[in-house]
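J.: Read top to bottom, the protein sequences are chains C and D. Letter by letter, the first sequence follows residues 422 to 612 of my numbering. Letter by letter, the second sequence follows residues 422 to 612 of my numbering. Beta carbons are placed, not taken as given, at the ideal position from N, Cα and C, and that holds for glycine. Provided herewith is a single structure, encoded as structure tokens, for subsequent inquiry.
Number of protein chains: 2
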Amino acid sequence: MENLINKIKERLHLSSEAEAFLYSISNEKELVKGDVVIRPGQVVKKTYFVISGCLRSYCIDTNGKEHTLLFAIKDWWISDYMAIHSEDISTLTIECLTDSKVIEFNAKELDEIHTRFPEFESYQRQNLERHVVNLQMRILNQLQLSAAERYDLFLEKYSDIEKQIRNFHVASFLGITQESLSRIRVERAKK
Amino acid sequence: MENLINKIKERLHLSSEAEAFLYSISNEKELVKGDVVIRPGQVVKKTYFVISGCLRSYCIDTNGKEHTLLFAIKDWWISDYMAIHSEDISTLTIECLTDSKVIEFNAKELDEIHTRFPEFESYQRQNLERHVVNLQMRILNQLQLSAAERYDLFLEKYSDIEKQIRNFHVASFLGITQESLSRIRVERAKK
DNA sequence: TAGTTTTCTTATCATAGGTCAATTTTTAAC
DNA sequence: GTTAAAAATTGACCTATGATAAGAAAACTA
């Protein structure tokens, strides 16, 4: 929980009341590799802040293939925001790739922080702006880069966790098969 | 300007002061097809709200090919948010696809609305949340759907403007060549 | 409306990446 | 450590989409 508090304090003066509120609605959890915290078809109530370890969110298409939306590591949030926002059931699975420590929040309770402590509005708005920019860049990369170029970018951006993530998960994030990724890795190694 | 005011009023009580502020920083413009409002390499200061017509934002890759990030029609906002946020020069071009009417804002001035009229914080946060959800869905679609399926989805989602948009622009939005799109259209017509 | 330009289509060929199946390597479980 | 399971690699082949070029059809322009 310290992690989240400190992260917030980097950009926002956090009143002791707000801090107490966060503590009151938070729920620290230790997860082990393979744990699934959100399953498709389920009503999504929770959102997770990662303290350590790595989680990923993915969907399964009509052919049973997995497509990774996000890897979340230290200091990232993860949930099925599409489901939360549409108040519909989840289309994503969120699973633990390594033993992890997370803080679980009820998304609605957490949302209340904005009305109770309006200073969070601006903080959260800025987080979302940054998130939008990241997603736009990912879309443009997907449109204009080859699989090998996207892999290079992935290695740069996720250099700290790349080694912990299985290649077939990376492939499903890049939008290629694990066989293709394997070939790309061979080519890369030659240089 | 009425359009924007009405759109805001659907979800927010708009004080007359806030309305006056919006008027004071807005600048209605009539654009003609082909007009370019943002060019790559330029410092981005403006953001646009579309009243009528259609604009698009796109980047040009190292091979000179265009990739469309967004088509903006009535009631949508468009700018290079990546540049605004990073305070860097633009990587996008924003051009007018049809004669259009837009409201131009200085992005920084518009941003002030959040400090002057804090009720906008929550409004804007919700807009951004929705935007994030849309972008996430686009990424998942790009990962899991074939070009033909993405085209079908495009036709659904943009049914109102589809006819005004050149096919090669649609192709650049879907991440395929215009020749591929042409073939997809032929196949579709057969059914 | 004739002429020009832009866009769309069509055909042929090329290629990145997918599929399937077999094998090796790594990781996990006992 | 040994064994079993999971993941990664490799090879042969396939397919969706890209590249290029040329002609047809639309869309502007004068």
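With valine 523/C as the anchor, note down where its beta strand (DSSP E) starts and where it stops.
T.: Counted from its first residue, the first sequence places residue 523/C at position 102. First-last of the beta strand (DSSP E) with valine 523/C: 521-527.
J.: Quick one: which chain C residues come within Cβ less than 8 Å of arginine 546/D?
T.: Locating residue 546/D in the second sequence gives position 125, where the first residue counts as 1. The contacting residues are His535, Glu542, Gln545, Arg546, Leu549.
J.: Taking a cut of 7 Å between CB atoms, which residues from the segment 553-566 of chain D lie near chain C?
T.: Within the segment 553-566 of chain D, the residues whose Cβ lies closer than 7 Å to some Cβ of chain C are Val553, Val554, Leu556, Gln557, Met558, Arg559, Ile560, Leu561, Gln563, Leu564, Gln565, listed in chain order.
J.: Return the first residue and the last residue of the alpha helix (DSSP H) that glutamate 542/C is part of.
T.: Taking the first residue of the first sequence as position 1, residue 542/C is located at position 121. Element bounds for glutamate 542/C: 540-565.
J.: What are the start and end residues of each continuous beta strand (DSSP E) run of 3 or more residues lying completely inside the segment 462-507 of chain C, in chain order?
T.: DSSP runs (the beta strand (DSSP E)) wholly in the segment 462-507 of chain C: 467-473, 475-481, 487-494.
J.: Ordered along the chain, which non-local residues of its own chain (more than five positions away) have a Cβ less than 6 Å from that of asparagine 448/D?
T.: Here the question's residue 448/D lines up with position 27 in the second sequence. Closer than 6 Å at Cβ, skipping near neighbours: Glu525.
J.: Quick test of the definition: if touching needs 3 or more C-beta pairs under 8 Å, does the segment 439-459 of chain C touch the segment 514-530 of chain C?
T.: They touch, by the three-pair rule.
J.: Are the segment 506-513 of chain D and the segment 428-443 of chain D touching by the rule of at least three beta carbon pairs closer than 8 Å?
T.: Flag = no, the segment 506-513 of chain D and the segment 428-443 of chain D do not touch.
J.: Less than 8 Å between the CB atoms is what I'm expecting for leucine 452/D and valine 523/D, so what's the real figure, rounded?
T.: As a position in the second sequence, residue 452/D is number 31, starting the count at 1. As a position in the second sequence, residue 523/D is number 102, starting the count at 1. Between valine 523/D and leucine 452/D the Cβ distance is about 6 Å, and since that is below 8 Å, they are a contact.
J.: Taking the alpha helix (DSSP H) that threonine 536/C falls in, what are its first and last residues?
T.: Working through the first sequence from its first residue, we reach residue 536/C at position 115. Counting along the chain, the alpha helix (DSSP H) containing threonine 536/C begins and ends at 534-537.
J.: Which residue or residues does DSSP assign as beta-bridge partners of glutamate 449/D?
T.: Your numbering for residue 449/D matches position 28 in the second sequence. Bridge partners of glutamate 449/D: Ile524/D.
J.: State the start and end residues of the unbroken beta strand (DSSP E) segment that holds isoleucine 515/C.
T.: Within the first sequence, numbered from 1, the residue matching residue 515/C stands at position 94. Here the beta strand (DSSP E) through isoleucine 515/C covers 514-517.
J.: Output the distance between the C-alpha atoms of serine 580/D and arginine 571/D, rounded to the nearest integer angstrom.
T.: For the purposes of this step, residue 580/D is identified with residue 159 of the second sequence, where counting begins at 1. For the purposes of this step, residue 571/D is identified with residue 150 of the second sequence, where counting begins at 1. Distance between the alpha carbons of serine 580/D and arginine 571/D is about 13 Å.
J.: Going along the chain, which residues of the segment 491-507 of chain D sit with their C-beta nearer than 8 Å to a C-beta in chain C?
T.: For the segment 491-507 of chain D, which is checked against every Cβ of chain C, the residues closer than 8 Å are Tyr502, Met503, His506, Ser507.
J.: Starting from isoleucine 459/D, follow the beta strand (DSSP E) in both directions and report where the run begins and ends.
T.: Along the second sequence, one-based indexing puts residue 459/D at 38. Looking at the DSSP string, the run of the beta strand (DSSP E) that includes isoleucine 459/D is 457-459.
J.: How about leucine 490/C and isoleucine 494/D: do their beta carbons lie closer than 8 Å?
T.: Translated into positions along the first sequence, residue 490/C becomes position 69. Translated into positions along the second sequence, residue 494/D becomes position 73. No, these two residues do not count as a Cβ contact at 8 Å.
J.: On the criterion of 16 or more Cβ atoms from any shown chain inside 10 Å, does lysine 430/C qualify as buried, or is it exposed?
T.: Here the question's residue 430/C lines up with position 9 in the first sequence. Its Cβ having fewer than 16 others within 10 Å, lysine 430/C is exposed.
J.: Taking Cβ positions only, does glycine 485/C come closer than 8 Å to chain D?
T.: Along the first sequence, one-based indexing puts residue 485/C at 64. No, glycine 485/C does not count as interfacial toward chain D.
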